[in-house]
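Asker: Numbering (the working numbering), first residue to last: 10 to 383.
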């Protein structure tokens with residue numbers, strides 16, 4: 010049996026408390042924005058039309074994705090053979106793992122990280138977590154990866170930028186990981202859902218820009234995050250043609266294809282103006298700083314995240330961890346998942362989201378003062 014997705018379970022617990030009358034602060038991990046006119050127009054114009062089935066995705070969308078990758082990162086990709094449109098990044102990761110892994114394989118995963126555990130196990134493989142360290146800013150644990158390799162190791166999963174820590178690996182770090190993967194003949198699966206959420210430091214490097222080092226690479230990306238498309242559920246996989254053939258087989262058995270209307274909405278968002286997004290995305294660094302300052306004023310600390318919409322806060326001073334810490338945070342009206350949910354060894358950490366309104370971020374941080382202390 011697989012555990013439920015922790016965020017969905019948490020939302021339900023918070024919603025039940027809200028219905029019961031408790032004041033729960035709305036915390037968001039992605040922006041919730043009304044769709045701009047050019048997206049609404051594309052959807053309304055396509056709603057009454059019939060389109061030929063395109064198992065790997067509509068060509069107009071894949072061509073736009075290829076143009077985007079080239080213009081932004083200098084990446085050249087073949088829309089027909091190297092891109093596959095999925096129902097979001099999580100779906101893309103799931104089918105890629107099931108396509109390329111076999112029962113008994115092991116997958117190295119730097120942690121804390123996103124909820125890949127069940128996805129790996131659904132493929133018949135075993136996750137092997139390698140712990141990053143707060144004292145090192147949550148940087149990729151190279152020595153741990155080397156120590157964790159076994160004859161059964163077949164792949165690495167990266168979360169770049171990282172969810173929940175907000176760590177952004179440098180180009181040289183990624184190059185070291187890919188060189189390690191090449192030496193050991195490993196696939197590298199990279200979840201790059203937060204590519205547009207980088208606040209500072211050295212910026213984000215797509216792993217595909219380093220395919221000259223190692224080419225057994227699979228990248229999954231999310232329109233849900235980068236275009237506020239959570240309700241549409243659209244993402245894509247970028248992989249070499251031979252790997253994508255195997256991934257497509259798994260995709261067809263799972264979903265056949267993504268609906269045309271969500272794809273056309275994604276196409277309109279990709280080729281249209283980003284003004285509606287840039288205004289919102291431009292506020293995330295300020296919101297991060299507001300949360301960090303208020304959290305530290307309350308007596309807690311966190312490594313400053315370089316990307317994303319989360320602070321990974323150390324609540325060790327409460328003496329609580331895991332479910333007890335989650336319940337204590339909910340008791341003061343702040344929904345948050347703890348470190349063990351992210352395969353972290355330290356369950357006294359919790360991921361605090363700052364993707365919502367500034368007033369709610371301030372309200373949440375103020376309530377940290379109500380938590381128990383040792």
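C-beta: ideal position from N, C-alpha, C; glycine also. Quick caveat, the model's predicted, so the values are computed rather than measured.
Please classify residue 173: does DSSP put it in a helix, a strand, or coil?
Answerer: In this structure, residue 173 counts as coil in the three-state DSSP scheme.
Asker: Taking only the alpha-carbon atoms, compute the straight-line gap between residue 381 and residue 350 and give it to the nearest angstrom.
Answerer: Taking the straight line joining both Cα atoms gives about 22 Å.
Asker: Which residues in the same chain as residue 136 place their Cβ atom closer than 6 Å to its Cβ, once the five residues preceding and following it in sequence are excluded?
Answerer: Cβ neighbours of residue 136 beyond the five flanking positions: 116, 118, 126 and 129.
Asker: Which residues mark the beginning and the end of the beta strand (DSSP E) in which residue 361 is found?
Answerer: Here the beta strand (DSSP E) through residue 361 covers 358-362.
Asker: Take the Cβ of residue 159 as the centre, count every other Cβ of all protein chains shown within 10 Å, and call the residue buried at 16 or more, exposed below.
Answerer: With fewer than 16 other Cβ atoms within 10 Å, it is exposed.
Asker: If you draw a straight line from the alpha carbon of residue 162 to that of residue 249, how long is it in whole angstroms?
Answerer: Going by the C-alpha atoms only, they are around 21 Å apart.
Asker: Can you name, in chain order, every residue of its own chain whose Cβ lies under 7 Å from the Cβ of residue 72, other than the five neighbours on each side?
Answerer: So the qualifying residues of the chain are 88.
Asker: Pairs of beta-carbons, one from the stretch 249-262 and one from the stretch 104-115, closer than 8 Å: are there three or more?
Answerer: With the cut-off at 8 Å, the stretch 249-262 and the stretch 104-115 touch.
Asker: Helix, strand or coil: how does DSSP classify residue 198 here?
Answerer: Residue 198 falls in the strand class under three-state DSSP.
Asker: Quick check on this structure: which residue in 155, 326, 179 and 62 has the alpha carbon closest to the alpha carbon of residue 193?
Answerer: Ranking 155, 326, 179 and 62 by Cα distance to residue 193 puts 155 first.
Asker: Nearest to residue 90 by CA position, among 339, 204 and 254, is which residue?
Answerer: Among 339, 204 and 254, the Cα nearest to that of residue 90 is on 254.
Asker: Identify every residue that forms a DSSP beta bridge with residue 320.
Answerer: According to DSSP, residue 320 bridges with 361.
Asker: Is the beta carbon of residue 343 less than 8 Å from the beta carbon of residue 376?
Answerer: A contact, by the Cβ cut-off of 8 Å.
Asker: Are there 16 or more other CB atoms within 10 angstroms of the CB of residue 178, so buried, or fewer, so exposed?
Answerer: The residue in question, residue 178, is buried, as its Cβ has 16 or more Cβ neighbours within 10 Å.
Asker: Rank 286, 312, 307 and 29 by C-alpha distance to the C-alpha of residue 142 and give the top, closest one.
Answerer: Residue 142 has its Cα closest to that of 312, out of 286, 312, 307 and 29.
Asker: With DSSP run on the structure shown, which of helix, strand or coil describes residue 168?
Answerer: Strand.
Asker: How far does the alpha helix (DSSP H) with residue 77 in it reach, from first residue to last?
Answerer: Unbroken alpha helix (DSSP H) run through residue 77: 68-82.
Asker: Three-state secondary structure (DSSP) at residue 314?
Answerer: DSSP places residue 314 in coil when its eight states are reduced to three.
Asker: On the CB-based measure, 16 or more other CB atoms within 10 Å of its CB, does residue 378 come out buried or exposed?
Answerer: Residue 378 should be labelled exposed.
Asker: With a CB to CB cut of under 6 Å and the five nearest residues on each side skipped, what residues in its chain are close to residue 238?
Answerer: Excluding positions up to five away in sequence, the list reads 232.
Asker: How many angstroms separate the CA atom of residue 246 from the CA atom of residue 54?
Answerer: Rounded to whole angstroms, residue 246 to residue 54 spans 27 Å at the Cα level.
Asker: Alpha carbon to alpha carbon, how far is residue 17 from residue 35?
Answerer: Residue 17 and residue 35: Cα-Cα distance of roughly 14 Å.
Asker: Tell me which same chain residues have a C-beta within less than 6 Å of the C-beta of residue 353, skipping the five on either side of it?
Answerer: Here the set comprises 120 and 121.
Asker: Please look up how many angstroms separate the CB atoms of residue 98 and residue 86, rounded, as I've assumed it's under 8 Å.
Answerer: Residue 98 to residue 86, Cβ: 17 Å. No contact.
Asker: Across which residues does DSSP place residue 230 in a beta bridge pair?
Answerer: Partner(s): 245.
Asker: Can you tell me where the beta strand (DSSP E) with residue 158 in it begins and where it stops?
Answerer: No beta strand (DSSP E) contains residue 158, which DSSP labels as neither H nor E.
Asker: Is the stretch 23-40 touching the stretch 262-280, taking contact as three or more C-beta pairs under 8 Å?
Answerer: With a cut-off of 8 Å, the stretch 262-280 and the stretch 23-40 do not count as touching, because too few Cβ pairs lie within range.
Asker: Between residue 150 and the rest of its own chain, which residues show a CB-CB distance below 8 Å, the 5 nearest in sequence each way excluded?
Answerer: Closer than 8 Å at Cβ, skipping near neighbours: 119, 139, 140, 141 and 142.
Asker: Residue 134: which of 213, 165 and 12 sits nearest, CA to CA?
Answerer: Closest option to residue 134, Cα to Cα, is 165.
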